[in-house]
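*Asks:*
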Amino acid sequence: MAVVVLKAWRLNNRLALLAGLVLLHCTWAQDEQRRETSTTMLDYCVIGAGPSGLQMAYFLQQSRRNYLVFEKSNMTGHFFSKYPKHRQLISINKRHTGQQNPEFNLRHDWNSLLSHEPSLLFKHFSQDYYPHADTMPTYLEAYRTKLGLKVQFDTEVTNVQKLTEETVQGHRFSFRDQRERLYLCKVLIAANGMSKPNIPTFAGSDLTVGYEDVSTDIEDFEAKTVLVLGRGNSAFETANHISSATNYVHLLASSPPRFAWSTHYVGDLRAINNDLLDHYQLKSLDGLLEADLRELKIVRTPSGKIAVHVINDTYNYVPPEDEYDTVIRCLGFTYDDTMFTESARPERGAGRKRKFPLINGDYESANVPGMYFVGAASHSLDFRKAAGGFIHGFRYAARVLHRLLEFRYHGVQWPSVRRPLAELVDTMVRRINEASGIYQMHNFLSEVVIIDRRTMEFEMLEEYPLSLVTELTERTGRDGSELFVVVMKYHPDFSGPRLDTFHSQRSTADLDKAHLSNFLHPVIYYYKDTSQGKKTRELGEDRSLPQPTREHHVLEDFLTRWTSKRLHVEPLRKFLESCLQMSLRQPTNQCTGRPSGRNNASSVSPGCAPQSPRESHFTHTHHASRDVDI
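So this is what it looks like as structure tokens:
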């Protein structure tokens, strides 16, 4: 009897243990299921719903990728709800150009994002040439809703990590939001801009007020003496706003101002902000001073005012006898990398580019594979060269990045058009007269033409990075070593912070001096075989290009209409024919860049609108009248 009881007891224990194990397994499975359902897994995570983040979202959505945009605030374009502080944008909104070609018109539209929807052009949201900043969030929200872009608001991205090993599905990054929700991403795209104020640490810097906090109420500066630290657009914008109320305003910086009309860089000081220069040069008390800001010492005086001194002065700085009531810091912004852990924190650039993340020519982080940057944070690639830090530049950079990602991760080749070689001249004339990407991102993006002598055709790739020409096949999937590369350039000696760009000989109409053209004009490089080339043509810091076999400059034109048969088209034709050693002539309709007889109503070149007998309007007598028939 005891043996029977013992066996029953053992059986019951085993059953209880089994039941416990089953319950434990079910609980674990439920927890795992809850964990999986609380984890969002994405192919592309885009951080920031400003203009660059939305532009990237548009391209990802068009290609039907698994993506989501994360936005910390409750609105699109939150940066523009605060900046610029005095609420006037300096990006031009040119609503009329005299042309109907939408691609050409984007050359003079600095605010619109790219899309297939004509109603989403900025000109439909503001009539001002320099719009009010409040218009930008309104526009961006309309862009998001009209296109149905996927944005998750009120989501602060934190603790971004690079996984030590990819997941089975290929995810390489993880991060959490403020609610501890977990996200896994295969590719992370940082589009969170440059929003962290640059705050120096000189003695007394705590006595300054930053641009981010400065009052916009002009009465707060009534009869005050003010010092502004900085020499860029935000400094001059602030000084102009308060100058009518102050005793006077001084601007102190480490170097003289860089004028956009001299450097041809839109981020330098713009004329709309530089009224104070008149006050200074016409001796109306306001003025500019130079000193090394790292050597400043600011102290509060017994009177309660602020005195500024310079330690180890090398600028011969002579401080004004008067003390200041307020010192305003307007020293720009830097990249905020606080959301990254050490495993995913991007390296920074060097020197004047230290404020930017360090990235490669394909917009990928230099030290974190799979992490890319778009928008103002990617501007290190063309800083002080082209417009990559601004909407009218990074809208094209976003498209470039998308095309690079499409080929790298999905095997989708770079879009191209193939045509007979007989159409090369017409196609090239059309593109140099209308293409907006190479116009805004001059000497940075290019039109690449691959020559196929076997089929007697050419293949054109639009808006390809100039610095990646030697990596064409591995970046695009398009084969070819005999190339023409089309770019837009200023003469290198015509751009600089102290250059006189208004001198009487600033332009030329002499065909023999086309290579000396100063203003923005097309340049065509010919490569007989890029596989044999060496990177010897410097494009700027960290960028170079193979030395071309031959090079052709299209003569500059006052109206940027490169359509003159004698001055533009025929010299270009002769160059192309000389390079290819063949005739490229055929009956064409030059206004469309297509052979005569084709349906070409949809691609009218801007240069083909009715023109006056003079095709250009140079102001000097040595610029002769030119024939316009083509």
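Heads up: the sequence shown runs through residues -29 to -1, 1 to 601, numbered per mature numbering (1 follows the signal peptide of the UniProt record, and there is no 0). Backbone N, C-alpha and C define an ideal beta-carbon position, used for all residues, glycine too.
(1) Between the stretch 343 to 359 and the stretch 311 to 327, do three or more beta carbon pairs fall short of 8 Å?
(2) Look at the Cβ atom of Ser466, then the Cβ atom of Glu430, and state whether they are nearer than 7 Å.
(3) With DSSP run on the structure shown, which of helix, strand or coil describes Phe124?
(4) Expressed to the nearest angstrom, what Euclidean distance is found between the alpha-carbon atoms of Lys517 and Leu551?
(5) Count the other CB atoms, across all protein chains shown, that sit within 10 Å of the CB of Ala321; report buried if there are 16 or more and exposed otherwise.
(6) DSSP state of Phe490, grouped into three classes?
(7) Going straight from the alpha carbon of Lys195 to that of His363, what length do you get?
(8) Compare the beta carbon distance of Asn404 and Trp533 with 7 Å and say whether it is the shorter of the two.
(9) How about Leu247 and Phe207: are their beta carbons less than 7 Å apart?
(10) For the stretch 524 to 532 and the stretch 486 to 497, state whether three or more C-beta atom pairs, one from each stretch, are separated by less than 8 Å.
(11) For Met310, which three-state DSSP category applies?
(12) Excluding the five sequence neighbours on either side, which residues of its own chain have a C-beta within less than 7 Å of the C-beta of Asn211, listed in chain order?
(13) Let me confirm a value: Pro463 is counted as buried when at least 16 other C-beta atoms fall within 10 Å, else exposed. Which label applies?
(14) Measure the beta-carbon distance from Lys94 to Asp105 and round it to whole angstroms, keeping in mind my assumption that it falls under 8 Å.
(15) What ranges does the alpha helix (DSSP H) occupy inside the stretch 65 to 94, keeping only unbroken runs of at least 4 residues that lie completely in it?
(16) Going by C-alpha distance, which of Ser83, Arg152, Arg229 is nearest Pro102?
(17) Any Cβ of chain C within less than 7 Å of the Cβ of Ala161?
(18) Kindly list the residues whose CB is nearer than 6 Å to the CB of His444, restricted to its own chain and excluding five residues on each side of it in sequence; keep chain order.
(19) Tell me which residues share the same chain as Thr472 and place their Cβ nearer than 7 Å to its Cβ, disregarding the 5 neighbours each side in the sequence.
(20) How is Thr297 classed by DSSP in three states: helix, strand or coil?
(21) Mapping the DSSP letters down to three states, classify Asn130 as helix, strand or coil.
(22) Quick one: what's got a C-beta closer than 6 Å to Gln252's C-beta in the same chain, skipping five residues either side?
(23) In the DSSP assignment, the alpha helix (DSSP H) including Ile213 goes from what residue to what residue?
(24) May I ask you to report which of helix, strand or coil DSSP gives Gly181?
(25) Evaluate Gln411 with the Cβ neighbour count: other Cβ atoms within 10 Å of its Cβ, from every protein chain shown; 16 or more gives buried, anything less gives exposed.
(26) Would Gln98 pass as a contact of Ser314 if the rule is Cβ separation under 7 Å?
(27) For Ser145, which residues in the same chain have their Cβ closer than 7 Å to its Cβ, ignoring the five residues on either side in sequence?
(28) For Val270, count neighbouring C-beta atoms within 10 Å of its own C-beta (all shown protein chains included) and say buried if the count is 16 or more, exposed if not.
(29) Is it buried or exposed for His474, if we count other Cβ within 10 angstroms and need 16 for buried?
(30) Which of the three DSSP states is assigned to His373 in this structure?
(31) Exposed or buried, which one is Arg323 when buried takes at least 16 other CB atoms within 10 Å?
(32) Out of curiosity, what's the CA-to-CA distance linking Ser86 and Tyr29?
(33) If you check the beta carbons only, do Tyr202 and Ala224 fall under 7 Å apart?
(34) CB His36 to CB Tyr15, shorter than 7 Å?
(35) Using only the alpha-carbon positions, how far apart do Gly11 and Phe304 sit?
(36) Any idea which residues DSSP pairs Ala161 with across the strands?
*Replies:* Reading it off the structure:
(1) yes
(2) no
(3) coil
(4) Checking the sequence shown, residue 517 turns out to be Pro, not Lys. Going by the C-alpha atoms only, they are around 19 Å apart.
(5) exposed
(6) coil
(7) 38 Å
(8) yes
(9) yes
(10) yes
(11) coil
(12) Asn244, Asp246, Leu247
(13) exposed
(14) At roughly 16 Å, the Cβ-Cβ gap does not stay under 8 Å, so Lys94 and Asp105 are not in contact.
(15) 73 to 76
(16) Ser83
(17) Reference to chain C is not applicable here, since this structure consists of a single protein chain.
(18) In the sequence under discussion, the amino acid at residue 444 is Thr, which differs from the His named in the question. The residues are Asp450.
(19) Trp232, Ser233, Phe465
(20) strand
(21) strand
(22) none
(23) 204 to 213
(24) strand
(25) buried
(26) no
(27) Gln132, Leu134, Leu153, Tyr154, Leu155
(28) exposed
(29) exposed
(30) helix
(31) exposed
(32) 7 Å
(33) A quick correction: the sequence has Arg, not Tyr, at residue 202. Contact: yes.
(34) Here residue 36 is Arg; the residue named in the question, His, does not match the sequence. Yes; because the gap between Cβ atoms is below 7 Å, this pair is in contact.
(35) It should be pointed out that residue 11 corresponds to Thr in this sequence rather than to Gly. Cα to Cα, the separation comes out at about 32 Å.
(36) Ile18, Phe344
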